[in-house]
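Colleague: Chains as they are written, first to last, in our numbering: chain C, 535 to 685; chain H, 535 to 685.
Backbone N, C-alpha and C fix where the C-beta goes; we use that ideal spot for every residue, glycine too.
Values in this document were obtained by computation on a predicted structure and should not be read as measured data.
2 protein chains.
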Amino acid sequence: MTRKSPAPETIKAWGRLMRVSRQLVERTEDALKAGGLPPLAWYDVLHELAEAGEGGLRPFELIDRVLLAQYNVSRLLARLEAEGLVEKLPVSDDGRGQTVRITPAGRETRRRIWAVYGASIADLMGDKLSAKELETLAGLLGRLRDPPIAE
Amino acid sequence: MTRKSPAPETIKAWGRLMRVSRQLVERTEDALKAGGLPPLAWYDVLHELAEAGEGGLRPFELIDRVLLAQYNVSRLLARLEAEGLVEKLPVSDDGRGQTVRITPAGRETRRRIWAVYGASIADLMGDKLSAKELETLAGLLGRLRDPPIAE
DNA sequence: TCCTTTTCGATGCAATTGCATCTATATGGA
DNA sequence: TCCATATAGATGCAATTGCATCGAAAAGGA
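1. With distances taken from CA atoms, which of H:Ser626, H:Asp657, H:Ser664 is nearest Ala565 of chain H?
2. Would you report the Cα separation of Lys602 of chain H and Ile545 of chain C, rounded to the nearest angstrom?
3. Taking the straight line between their C-alpha atoms, what separation do you get for Glu588 of chain C and Val554 of chain C?
4. Residues of the segment 661-682 of chain H with a CB closer than 8 Å to any CB of chain C: list them in chain order, please.
5. Which same chain residues end up closer than 6 Å to Arg686 of chain C when comparing Cβ atoms and leaving out the 5 residues on each side of it in sequence?
6. Whose CA, out of H:Tyr651, H:Ala672, H:Pro682, lies closest to the CA of Lys538 of chain C?
7. When DSSP builds the beta bridges, which residues end up paired with Ala633 of chain H?
8. Which residues in chain H have a C-beta closer than 7 Å to the C-beta of Lys538 of chain C? List them in chain order.
9. Could you pull out every residue in the same chain whose Cβ sits closer than 6 Å to the Cβ of Ser654 of chain H, ignoring the five residues on either side in sequence?
10. Which residues, in chain order, does the segment 613-644 of chain C contribute to contact with chain H at a C-beta distance below 8 Å?
11. Taking Cβ-Cβ distances below 9 Å as the criterion, which residues of the segment 552-568 of chain C are in contact with chain H?
12. What in chain C is Cβ-close to Leu601 of chain H, meaning under 8 Å?
13. Identify the residues that DSSP records as bridge partners of Leu591 of chain C: which are they?
14. For Glu617 of chain H, which three-state DSSP category applies?
15. Using C-beta distances below 7 Å, list every residue in its chain close to Gln604 of chain H, excluding the 5 sequence neighbours before and after it, in chain order.
16. Alpha carbon to alpha carbon, how far is Ala584 of chain H from Gly673 of chain H? Give it in angstroms, no decimals.
17. Provide the residue span of the alpha helix (DSSP H) that contains Gly673 of chain H, from first to last.
18. How is the alpha helix (DSSP H) around Leu571 of chain H delimited, first residue to last?
19. How about Leu619 of chain C and Thr643 of chain C: do their beta carbons lie closer than 8 Å?
20. Anything in chain H within Cβ reach of Gly652 of chain C, meaning under 7 Å, just list it in chain order.
And the structure:
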């Protein structure tokens with residue numbers, strides 16, 4: 535942990551990152567709400583499960599992918615199951631756990647969310663920066679990740 | 535609103551932005567908790583009020599500065615007042631409103647939060663990118679703001 | 001095998017957030 | 001002036017989040 539106060543450029547970049555990310559999330563959530571659709575977190579989970587395919591995912595695998603706390607994943611999955619968007623299957627070799635799989639209704643919901651979410655992304659980012667700038671941005675952000683991504 | 539799906543570079547940059555910003559916030563909140571300090575939102579409000587000086591700020595002015603909903607500001611200010619970190623003063627020319635001013639205890643708390651927050655910023659951003667890169671990042675993010683900042 | 005520790009997932013309870021609405025004051029006509 | 005509308009800020013209630021902990025099953029010794 536560095537002990538001294540950050541440089542002015544650092545503070546400025548930090549402030550921008552905080553403000554912009556919150557603004558973009560808020561606008562996107564508003565767009566989803568306006569369309570009568572569930573929040574972003576639902577999309578994230580449905581997306582990961584769709585990518586995972588028929589094999590599904592264990593809840594603990596979902597946790598690091600979607601960056602949610604364990605209890606949030608547990609409860610979100612319960613809500614998704616109640617809506618019939620995912621199903622939980624017992625897993626043979628681990629009596630504690632379960633496998634979660636997306637249902638056809640879940641895929642359909644994911645598709646409907648994407649229609650709005652994708653448009654929001656294009657609107658808020660794609661229209662504002664060039665392809666080259668987007669790549670520069672992604673590269674710089676990748677270096678802030680943990681673990682960092684060089685590219 | 536653009537109707538088509540965003541380009542791959544756009545999606546990638548979006549994903550990085552979402553993931554990185556959440557990761558950085560989470561780590562910073564963890565650092566504050568570990569230090570027995572209040573959450574980031576408290577800092578934001580105390581910071582704005584400190585900048586505003588003796589004149590203080592009206593709650594509605596705080597709302598757009600800190601990007602919180604009206605009811606969140608209302609309740610956050612109530613908590614800060616209960617802790618003696620801010621004080622509410624009636625405002626002469628508008629009987630509905632009030633002016634909120636930071637107290638000495640509030641300044642002290644802000645200082646203590648910054649000791650950890652600033653170190654976290656330096657650690658998570660300052661140490662990862664050069665000054666030039668930080669400026670590039672801030673510039674690109676500025677263009678995503680609403681209203682956008684060209685520089 | 002038996003016992004301790006770890007991991008997986010759920011949940012009770014308190015705090016916070018979101019939504020809708022409320023009260024009070026101010027503002028802008030007719 | 002009087003009334004309709006708008007703005008400032010607070011709040012009741014429901015949903016969500018965070019924290020701590022729990023129960024159950026697995027893993028790892030001794």
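Modeller: Taking the coordinates as given:
1. Stepping through the second sequence from its first residue, residue 565 of chain H is reached at position 31. That would be H:Asp657, whose Cα lies nearest to the Cα of Ala565 of chain H.
2. Here the question's residue 602 of chain H lines up with position 68 in the second sequence. Here the question's residue 545 of chain C lines up with position 11 in the first sequence. According to the sequence shown, residue 602 of chain H is Leu rather than Lys. So the alpha carbons of these two residues sit roughly 20 Å apart.
3. Position 54 of the first sequence, counting from 1, holds the residue named residue 588 of chain C. Position 20 of the first sequence, counting from 1, holds the residue named residue 554 of chain C. Glu588 of chain C and Val554 of chain C have their C-alpha atoms spaced approximately 36 Å apart.
4. For the segment 661-682 of chain H, which is checked against every Cβ of chain C, the residues closer than 8 Å are Asp661, Lys662, Leu663, Ala665, Glu667, Leu668, Glu669, Thr670, Leu671, Ala672, Leu674, Leu675, Gly676, Arg677, Leu678, Arg679, Asp680, Pro682.
5. Nothing in the structure corresponds to residue 686 of chain C, since chain C is present only between 535 and 685.
6. Start at 1 with the first residue of the first sequence, and residue 538 of chain C comes out as number 4. Checking every option, the nearest Cα to that of Lys538 of chain C belongs to H:Tyr651.
7. In the second sequence, counting from the first residue as 1, residue 633 of chain H sits at position 99. The amino acid at residue 633 of chain H is misidentified as Ala; the sequence shows Thr. Paired residues: H:Leu623.
8. Stepping through the first sequence from its first residue, residue 538 of chain C is reached at position 4. Listed along chain H, the residues sitting closer than 7 Å to Lys538 of chain C by beta-carbon distance are Ala656.
9. If you number the second sequence from 1, residue 654 of chain H lands on position 120. For Ser654 of chain H, where only same-chain residues beyond five positions count, the Cβ hits under 6 Å are Thr562, Ala565.
10. Per Cβ criterion, the list is empty.
11. Met552, Arg553, Val554, Ser555, Arg556, Gln557, Leu558, Val559, Glu560, Arg561, Ala565
12. Residue 601 of chain H sits at position 67 when you count from the first residue of the second sequence. Chain C residues near Leu601 of chain H: Arg553, Arg556, Gln557, Glu560.
13. On the first sequence, residue 591 of chain C is found 57 positions in, with the first residue counted as 1. Residue pairing of Leu591 of chain C in beta bridges, as defined by DSSP: C:Val634.
14. Indexing the second sequence from 1 puts residue 617 of chain H at position 83. Note: Glu617 of chain H maps to coil in three-state DSSP.
15. Reading the second sequence from its first residue, position 70 is the one you call residue 604 of chain H. Ile597, listed in sequence order.
16. Walking along the second sequence from the start, residue 673 of chain H turns up at place 139. Walking along the second sequence from the start, residue 584 of chain H turns up at place 50. Straight-line Cα distance between these residues: approximately 26 Å.
17. Sequence index remark: in the second sequence, residue 673 of chain H carries index 139 (1-based). Per DSSP, the unbroken alpha helix (DSSP H) holding Gly673 of chain H starts and ends at 665-678.
18. For the purposes of this step, residue 571 of chain H is identified with residue 37 of the second sequence, where counting begins at 1. From DSSP, Leu571 of chain H is part of no alpha helix (DSSP H); its letter is neither H nor E.
19. Numbered from its first residue, the first sequence carries residue 619 of chain C at position 85. Numbered from its first residue, the first sequence carries residue 643 of chain C at position 109. Result yes, Cβ atoms of Leu619 of chain C and Thr643 of chain C sit closer than 8 Å.
20. Taking the first sequence and counting its residues from 1, one reaches residue 652 of chain C at position 118. In chain order: Ser539, Pro540.
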